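Residue numbering for the sequence shown follows full-length UniProt numbering, starting at 1 and increasing by one per position. Idealized CB from N, CA, C, for every residue including glycine. Values in this document were obtained by computation on a predicted structure and should not be read as measured data.
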Amino acid sequence: MQYLILTPKIGQVQANLKRAREIVRPIIPHSVDIVCFPEMVMSGYVFESASAITPYLELPHVGPTSQFCSELSNRLGCYVIAGYPERLIGEEAPTERPDGDEEEKPDSERPKTRNGDAHGTNGARKKGKEKPRIVGANSAVIYGPGGKYLGGYRKTNLFEIDKTWAKPGHGFSTFRLPFPPDCPPSQPSTVLTLSLGICMDLNVQPDVDWESLDGDPYELADHVIAEKVDVLVLLNAWLDSGLDPDSKNESDWATLHYWSERLKPLWYGSEPPMLNEDGSYSWDDSEEDGDWEMEEGDDFGEDWSTPSHREKSETVVIVCNRTGQEKGKLFAGSSAIFHMVKGSGTPRLLESMGRYEEGMRGWGLLL
Numbered sequence: 001m002q003y004l005i006l007t008p009k010i011g012q013v014q015a016n017l018k019r020a021r022e023i024v025r026p027i028i029p030h031s032v033d034i035v036c037f038p039e040m041v042m043s044g045y046v047f048e049s050a051s052a053i054t055p056y057l058e059l060p061h062v063g064p065t066s067q068f069c070s071e072l073s074n075r076l077g078c079y080v081i082a083g084y085p086e087r088l089i090g091e092e093a094p095t096e097r098p099d100g101d102e103e104e105k106p107d108s109e110r111p112k113t114r115n116g117d118a119h120g121t122n123g124a125r126k127k128g129k130e131k132p133r134i135v136g137a138n139s140a141v142i143y144g145p146g147g148k149y150l151g152g153y154r155k156t157n158l159f160e161i162d163k164t165w166a167k168p169g170h171g172f173s174t175f176r177l178p179f180p181p182d183c184p185p186s187q188p189s190t191v192l193t194l195s196l197g198i199c200m201d202l203n204v205q206p207d208v209d210w211e212s213l214d215g216d217p218y219e220l221a222d223h224v225i226a227e228k229v230d231v232l233v234l235l236n237a238w239l240d241s242g243l244d245p246d247s248k249n250e251s252d253w254a255t256l257h258y259w260s261e262r263l264k265p266l267w268y269g270s271e272p273p274m275l276n277e278d279g280s281y282s283w284d285d286s287e288e289d290g291d292w293e294m295e296e297g298d299d300f301g302e303d304w305s306t307p308s309h310r311e312k313s314e315t316v317v318i319v320c321n322r323t324g325q326e327k328g329k330l331f332a333g334s335s336a337i338f339h340m341v342k343g344s345g346t347p348r349l350l351e352s353m354g355r356y357e358e359g360m361r362g363w364g365l366l367l
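See below:
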């Protein structure tokens, strides 16, 4: 599995496509199974109004991101996943958002983790700017061998800046895919369940009474458990935590910790959570959990079991987060891959990239 981390230049689609092609050029055909790109990778992310993003909205199948994914999946014989801003057409044509006059909450009113602001309101609309209009969707696309379109997904839980132009999706998407991707029908293959999420999907959805970013509900994790997901792919444009800014060559450890905390049901200790009367969960925090184990050796994931050989629920989590800055907003980078086994008490971090690192990274999981 490989993912590509870029530093997109906002609005420079052709330049971003050129850079993406440069990075993937060394990949040998049939040498990888999955290639991932971050949220809105070719357009950039910080568009503060519907009119600002409209020139960069793409139609599915024929837009530049879809065409790029189709070409790459055809050349490599693998699955390719990328985020893009989808144009709405037909009955979904642009409309005004009913709550467009609501004033944005200040940062001081937003929940924070013990490690600081996990996903602040940087880039959010301020009162007095253009009224939101729904003109698109913050989407992802997945293509398979032969350049075949396999499906799409729309971000369900919108970040504040998304709300200036995007329509939310209706829930998380799940795909059941054969591995290796280009395996002939006559040969045996392993079918894995893959789910997609985009950035803010990791947090709770609106209209939930939520006091802490560290706590319940865990909507995405609950979906992963319910659907028995083997591989969770998150395409992100997650903002930097602002902690340890001098550690430029290291990962944003506060952000990595936060991501793993929001997937806590996938790895938490052997004691199940207690269900409260209000439907929330209480966790026994007496256990030593939340620390990462770095897997060593050349064969990453050698203890990862295929579905038919598992004794416990386990999930590989790929977080593909962009780097760089846009309009003064700094992104966290730090893309990572986790191995999470339910009941283990520890989210195993297989490897992570630096907060400013652009390029390609791959891991092998033995099927």
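Residue i vs residue j beta-carbon contact at 8 angstroms
i           : j           : result
residue 326 : residue 45  : yes
residue 149 : residue 169 : no
residue 360 : residue 142 : no
residue 76  : residue 35  : yes
residue 140 : residue 83  : yes
residue 172 : residue 197 : yes
residue 267 : residue 180 : no
residue 165 : residue 49  : yes
Spatial distance of residue i from residue j (CA atoms)
i           : j           : result
residue 157 : residue 259 : 15 angstroms
residue 92  : residue 203 : 26 angstroms
residue 29  : residue 227 : 31 angstroms
residue 18  : residue 339 : 32 angstroms
residue 186 : residue 32  : 21 angstroms
residue 352 : residue 334 : 6 angstroms
residue 40  : residue 138 : 7 angstroms
residue 7   : residue 47  : 16 angstroms
residue 56  : residue 188 : 42 angstroms
residue 318 : residue 51  : 33 angstroms
residue 130 : residue 199 : 24 angstroms
residue 261 : residue 350 : 16 angstroms
residue 220 : residue 14  : 33 angstroms
residue 321 : residue 184 : 33 angstroms
Assumed close pair residue i, residue j - CB separation to whole angstroms, cut-off 8 angstroms
i           : j           : result
residue 38  : residue 236 : 6 angstroms
residue 240 : residue 177 : Residue 240 to residue 177, Cβ: 33 angstroms. No contact.
residue 5   : residue 323 : 6 angstroms
residue 73  : residue 11  : Their Cβ separation, rounded to whole angstroms, is 26 angstroms, which puts residue 73 and residue 11 out of contact at 8 angstroms.
residue 194 : residue 231 : 5 angstroms
Residues that DSSP places opposite residue i in a beta bridge
i           : result
residue 140 : 83 and 153
residue 340 : 315
residue 353 : Residue 353 pairs with nothing; no bridge assigned.
residue 233 : 196 and 318
residue 34  : 79
residue 325 : 330
residue 4   : 360
Minimum Cβ-Cβ distance from residue i to chain C less than 8 angstroms
i           : result
residue 169 : The structure shown contains no chain C; it is built from a single protein chain.
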